[in-house]
Amino acid sequence: MFDDIFHTFVIRLRYLDMYLFFGAIMGFLSLALSAFIAHGLHLTLSIHQMHSLDTALNNLQGHAVLLVAMSAYTRLKGSLGSRLINIAAYLFVIGTLMFSMSIILTIVIAWQSLALFTPIGGMLLLLAWLLLIVGAFTELKVSS
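What follows is the structure in structure tokens.
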């Protein structure tokens, strides 16, 4: 039974707008975690920890909005865009989750070894932005 459910999920995921899917998940996570922190956890954290969480949540929210905007762009354009833009989107997801979730989990559950993923996530985000710039420039040249 679990295999059938998993197989159906994978098939549907293949046809789903991945930008919108991951943007929605990241948006949900950022809102849920913000509420969790604001309604109790903030009482037990230092100012430095709160600042770090704020940075992680802002990053998560900002990149969620970016992915939803990329989804809207691809729908208006009628295609998924260049390969560079698709790679950038996946790097945005992976980089944001590595960066933001490593900070959040390091603070919330005190799993210190996760802090090693924060700079890797940051580097992936920088690479994603560069690929998006190059991909957008390439699409500009192709369409003109």
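Residues 987 to 1130 (my numbering) are what the sequence shown spells out, left to right. The C-beta atom is built at its ideal place from N, Cα and C for all residues, glycine as well. In this text, all values refer to a predicted model and were calculated from it rather than measured experimentally.
Distance CB(Leu1091)-CB(Leu1102) smaller than 8 angstroms: Numbered from 1 along the sequence shown, position 105 holds the residue referred to as residue 1091. Numbered from 1 along the sequence shown, position 116 holds the residue referred to as residue 1102. Using a Cβ distance threshold of 8 angstroms, Leu1091 and Leu1102 do not count as a contacting pair.
Runs of alpha helix (DSSP H) lying entirely within the segment 1044 to 1124, each at least 4 residues, in chain order: Runs found: 1069 to 1094.
Through-space distance from Leu1043 to Arg1061, alpha-carbon basis: Stepping through the sequence shown from its first residue, residue 1061 is reached at position 75. Stepping through the sequence shown from its first residue, residue 1043 is reached at position 57. Taking the straight line joining both Cα atoms gives about 27 angstroms.
Cβ neighbour criterion (16 or more within 10 Å) applied to Thr1030: Counted from its first residue, the sequence shown places residue 1030 at position 44. It is exposed - the Cβ of Thr1030 has fewer than 16 other Cβ atoms within 10 Å.
Identity of the residue in Arg1069, Met1087 and Ile1071 nearest Gly1013 by Cα: Numbered from its first residue, the sequence shown carries residue 1013 at position 27. The candidate whose alpha carbon is nearest that of Gly1013 is Met1087.
Span separating the alpha-carbon of Tyr1059 from that of Ala1010: As a working note, residue 1059 is residue 73 in the sequence shown. As a working note, residue 1010 is residue 24 in the sequence shown. Rounded to whole angstroms, Tyr1059 to Ala1010 spans 16 angstroms at the Cα level.
Pick from Thr1041, Ile1071 and Leu1015 that is closest to Gly1121, judged by C-alpha positions: The count along the sequence shown starts at 1 and reaches residue 1121 at position 135. When each option's Cα is compared against that of Gly1121, the closest is Ile1071.
Option in His1049, Asp1003 and Trp1097 with minimal Cα separation from Leu1083: Residue numbering aside, residue 1083 sits at position 97 when the sequence shown is read from its first letter. Selected option, being the one with the closest Cα: His1049.
Straight-line gap, Ile1095 to Val1079 (C-alpha atoms, nearest Å): Within the sequence shown, residue 1095 is the residue found at index 109, counting from 1. Within the sequence shown, residue 1079 is the residue found at index 93, counting from 1. A direct Cα-to-Cα measurement between Ile1095 and Val1079 gives close to 22 angstroms.
Three-state class that DSSP yields for Leu1039 in the structure shown: Position 53 of the sequence shown, counted from the first residue, corresponds to residue 1039. Helix, per DSSP.
Anticipated Cβ contact below 8 angstroms, Asp989 with Ser1057, distance rounded: Sequence index remark: in the sequence shown, residue 989 carries index 3 (1-based). Sequence index remark: in the sequence shown, residue 1057 carries index 71 (1-based). 30 angstroms between Cβ atoms; not a contact.
Environment of Gln1047 [buried if 16+ CB atoms lie within 10 Å]: Taking the sequence shown and counting its residues from 1, one reaches residue 1047 at position 61. Gln1047 should be labelled buried.
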